[in-house]
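See structure below.
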């Protein structure tokens, strides 16, 4: 029995985060795998992962090779290529959430949609380039790991292969293996912090302009903003959050540290956290109807006053 408890504790200690590997923005731009995206009236260029996986013959092989390196180190790999095939990421406007009265829209980028669907802990972006040498070709690479919830860079690794005649995916796999130890340490340090201090998200609370109340409305002698802060304080890890900005109709909470999993063992994200707050505010004494809109895994907006 003691041995079983010890092994279980050890397994939890060495557990690795889930990762998703994608080509970097720079790699996609260099090879013209981009698409235009309407972000609330502003046209921006974003990677077209669907075209990249279909048209570039090296990309799937390279992702597979790098994925096998990380899997052998204990990471859980989410297959981005297969998920992209099931997602029509070009139709992001269909995922936009709209107010029933004002028609206000908050849209997600294709990458945010993909991250939300796959719910990986880390997004690893891969760039590589080939240069010729008299002794063979040299493969240069950069691995950058980002927190899927905050988009913060948490680890990076760069390196070059030795001159080789091997296929590019094989040469790249060898180069990554030779440089991955420090990258692994950086990811371990980040994940240890997540387990200890919670996952970081951002939460914004807004009010519809036709709502008769606002965040200064009092309930049982406390302004609504204070009531919301009290709930957040009781539902975050070590009561960690920061009210960075606020007015009578707006409150911006940043560095909100939520548990990695809920009480049912399911992965927590910004939507789940905001939904829990929505349900809390729907009860007495508040009886507030509200709507949750999301951007990816790590940002949620709760709009008070109606669905």
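Residue numbers (our numbering): 2 to 308. All C-beta atoms, glycine included, are put in the ideal place defined by N, C-alpha and C.
- The three-state reading of DSSP puts residue 193 in helix, counting H, G and I together.
- Going by DSSP, residue 134 is part of the beta strand (DSSP E) stretching over 123-134.
- In this structure the region 273-280 does not touch the region 242-254; the number of beta carbon pairs closer than 8 Å is below three.
- A distance of 8 Å or more separates the beta carbons of residue 273 and residue 303.
- Two segments are said to touch when three or more pairs of C-beta atoms, one from each, lie closer than 8 Å; by this definition the region 117-126 touches the region 143-150.
- For residue 235, the uninterrupted alpha helix (DSSP H) run begins and ends at 225-236, by DSSP.
- In this structure, the straight-line span from the alpha carbon of residue 242 to that of residue 73 is close to 36 Å.
- Taking 8 Å as the cut-off, the Cβ atoms of residue 228 and residue 306 do not count as close.
- For residue 203, there is no enclosing alpha helix (DSSP H); the residue is part of the beta strand (DSSP E) that begins and ends at 200-208.
- Assignment of residue 118 by DSSP, reduced to helix, strand and coil, places it in the helix class.
- Counting of Cβ neighbours within 10 angstroms places residue 155 among the buried residues, the total reaching 16 or more.
- Judged by DSSP secondary structure, residue 53 falls within the alpha helix (DSSP H) whose first and last residues are 50-56.
- Note on residue 293: 16 or more other CB atoms within 10 angstroms of its CB, so buried under the neighbour-count rule.
- Pairing residue 164 with residue 134 gives a Cβ-Cβ distance under 8 Å.
- With contacts defined by Cβ atoms closer than 8 Å, residue 22 and residue 67 form a contacting pair.
- Around the CB of residue 286, fewer than 16 other CB atoms lie within 10 Å, so the residue is classed as exposed.
- Runs of beta strand (DSSP E) with 3 or more residues, each lying fully within the region 238-291, are found at 243-247, 251-259, listed in chain order.
- If you check the CB distance, residue 35 and residue 48 come in under 8 Å.
- In the structure shown, the three-state DSSP call for residue 161 is strand.
- For residue 166 and residue 180, the gap between their C-alpha atoms comes out near 20 Å.
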